[in-house]
Structure formats: structure tokens, C-alpha cells
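Chemist:
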Amino acid sequence: MHLLVQLKACHLVFVLILHSDQFRWLDKAAIITEEEAKYPNAQPNLWNLATIHRIEELKCIIRMLPIWASGILLITSSSHQNSFVIIQARTMNRHLSHSFQISPANMSIFNVLTMMIGVILYERLFVPFARRFTKNRAGITCLQRMGVGFVINIIATIVSALVEIKRKKVASKYQLLDNPKAIIPISVFWLVPQYCLHGVAEVFMSVGHLEFLFDQSPESMRSSATALYCIATAIGSFIGTLLVTLVHDYTGKEKSWLPDRNLNRGKLECYYFLVSGIQVINFIYYVICAWFYTYKPLEEISE
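Heads up, the sequence shown is in our numbering, so the first residue is 56 and it goes up one at a time.
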């Protein structure tokens with residue numbers, strides 16, 4: 056087998072990812088053939104002979120892909136929810152006082168504030184508390200953190216559906232279902248819980264996802280962790296657009312779940328329940344992948 060020694064920061068550093076038993080068929084790339092053994096001092100052709108370290112780096116990437124992919128459907132399920140929430144907010148009472156009302160787009164401030172406060176509370180309170188029980192320096196593993204984020208995101212989507220049902224009931228009570236421009240006498244702050252829940256989910260899921268990609272990536276590819284996260288976000292957004300298009304096409308133009316003109320006559324709550332179902336399936340897939348995931352075995356020895 057062929058090993059790797061790297062020179063870093065003027066120190067001789069053996070950066071070795073320990074050999075794992077997964078994907079053993081890749082180990083064949085590190086076997087020195089009889090022809091190559093005849094010339095032990097010759098410079099090896101890296102296209103024909105790989106180091107164990109490089110093989111284990113490839114294994115790390117392969118192991119990461121299923122977990123990485125689970126984040127795509129999470130983005131898919133939430134990519135267009137903010138758009139629909141803004142439409143909902145336009146039909147609700149947004150007055151903070153007799154002379155001042157909050158704009159629909161500014162409702163996202165609750166999501167941002169929750170994330171900002173949530174990250175601080177997570178690091179200052181949750182991590183030290185969890186560390187007492189788990190003995191883990193980070194409190195919980197990045198996979199556990201992502202799992203919590205998945206669950207909270209599912210709850211947030213279900214809450215979104217329940218709020219939409221409540222909004223339409225009030226509109227029906229005041230006979231405003233056929234008046235899309237009318238302001239329904241229900242406070243816009245009914246939308247705050249789902250914004251806050253989505254913010255908490257981001258604290259766990261998005262940060263955990265990025266932490267996982269950075270921590271489990273090979274050292275030579277850690278700068279690519281952010282790129283992988285952005286790729287997942289981009290793919291998820293495109294699939295989210297496809298999902299909305301399919302809902303439009305298959306629920307009919309006259310009785311569409313997501314009508315263009317009158318949301319009161321639509322079935323936005325059904326769309327939310329559909330998204331919740333997708334998230335549940337994705338969560339089951341994630342749990343299976345996380346259960347069988349093997350963390351990268353790393354050994355670093357300096358001289």
C-alpha cells in the first residue's frame with residue numbers, strides 16, 4: 056500500500072485518515088503491481104497508483120453524499136413558503152397601531168431575529184447543558200443537530216397549514232372568501248409562530264448541515280464544504296419550483312390549490328400538508344442514512 060506524507064507550515068505532518076472497511080473495492084487503487092514494484096525508487100504515476108489517504112478522502116465524499124442529499128428536499132419544501140406567507144399577510148390585519156401597519160415582506164424579520172437569538176442561545180446555553188449528559192464537546196453531534204432541525208421544520212410546516220385553515224375560517228365567517236383584496240379581521244401575528252419555528256429549524260438544520268459538510272470533508276476539500284451546501288440550496292430551490300408547477304398543473308386551473316388571484320378559494324393548507332408529507336419521507340430517509348453513517352477516522356501526528 057502507498058502512504059502519503061504532507062509538509063505543512065514548515066512542520067512534518069502525517070495527515071492520515073485511517074483505513075476503513077467500507078468501499079473496499081476502492082482499495083485496489085493503492086495496490087502496487089509487480090511492474091511498479093520493480094522500480095521502488097521511481098516516481099509513481101498518480102493516475103495509476105493512489106495513496107491510502109486519497110482513497111479514504113474519496114470514501115469520505117461518498118459517505119457524505121446521502122446525508123448531503125437529504126438537505127435538498129428540505130430546501131425544496133421551504134423554498135416557496137415565504138412567498139405564500141407574504142400573500143397571506145396581505146389579506147390579514149397588519150396594524151400595530153391606528154396609524155402604523157407592518158408591511159407583509161417585513162414579517163420575515165421574525166425569522167431572522169429567531170435565528171440570531173437562537174444561535175446565541177444554542178452556543179451559550181444548549182451546548183453546555185447537553186455536554187453534561189453526552190460528554191460531547193459540541194453538545195450533540197452534527198447529525199443529531201440536523202435531525203432536530205428536520206423535526207422542527209416538519210412541525211413548522213404543519214403549523215403553517217393550521218394557520219391557513221384558521222385564516223380561511225375567519226374569512227368565511229365574515230363572508231370575505233370571494234373578495235381577495237379585503238382585509239380579513241385576523242391579526243397578521245398569527246403567522247409569527249411558523250416564522251419562529253422555521254428560524255429555530257434553521258439554527259439546527261442549516262448550521263448542522265454546513266458543520267457536517269465542513270467537519271467530514273477531507274482536509275484538502277474543506278473549502279468546498281460551503282460550495283456543496285450552496286449546490287444543495289440551488290438544487291432544492293429548482294425542485295421547489297417544479298413542485299409548485301406540478302401542483303398547479305395537477306390540481307386544476309379553476310380549483311387550483313395555489314390560485315393566482317384569490318388565495319381564499321385555494322387550498323394552501325393542502326399544499327402545506329403535502330410538503331409536510333415530503334418532509335416526513337425525507338426525515339425517514341435521513342434517519343436511515345444517519346444510522347448507517349460512519350464518521351471519518353482521522354489521525355494526525357506531528358513531528
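We treat Cβ as the ideally placed atom computed from N, Cα and C, and that holds for glycine. On a predicted model such as this, the values are computed, not experimentally measured, just so you know.
(1) Give me whichever residues DSSP pairs with Q156 in a beta bridge.
(2) Does DSSP classify I241 as helix, strand or coil?
(3) Which complete alpha helix (DSSP H) runs does the segment 320 to 352 hold, if anything under 4 residues is left out?
(4) I need the DSSP call for A124, collapsed to helix, strand or coil.
(5) Assign T212 to one of two classes, buried (16 or more other C-beta atoms within 10 Å of its C-beta) or exposed (fewer than that).
(6) Cutting at 6 Å between CB atoms, please list the residues of its own chain near I122, excluding the five before and the five after it.
(7) Do you know offhand how far L129's Cα is from S215's?
(8) Short of 7 Å in beta carbon distance, which residues of its chain neighbour L298, apart from the five on each side in sequence? Order them along the chain.
(9) Can you give, in chain order, each stretch of the alpha helix (DSSP H) that sits fully within the segment 128 to 216 and has at least 4 residues?
(10) So, at 7 Å on beta carbons, what are the nonlocal neighbours of G263 in its own chain, with the 5 sequence-adjacent residues on each side left out?
(11) Rounded to whole angstroms, what is the Cα-Cα separation between F165 and I110?
(12) Are there any heavy atoms of the ligand SAH lying less than 8 Å away from the beta-carbon of T300, as far as the coordinates show?
(13) With a cut-off of 8 Å on the beta carbons, I'd call V360 and P240 a contact; round off their distance for me.
Modeler: With the given structure in hand:
(1) H150
(2) strand
(3) 323 to 347
(4) helix
(5) With 16 or more Cβ atoms within 10 Å of its Cβ, T212 is classed as buried.
(6) C344
(7) 16 Å
(8) T131
(9) Runs found: 136 to 145, 164 to 176, 182 to 189.
(10) Sequence-distant Cβ neighbours of G263 in its own chain, meaning closer than 7 Å and more than five residues away, are C197, R200, M201, G204.
(11) 46 Å
(12) In the structure shown, the ligand SAH is absent, as is every other ligand, since no ligand is present at all.
(13) Any question about residue 360 goes unanswered here, given that the chain covers just 56 to 358.
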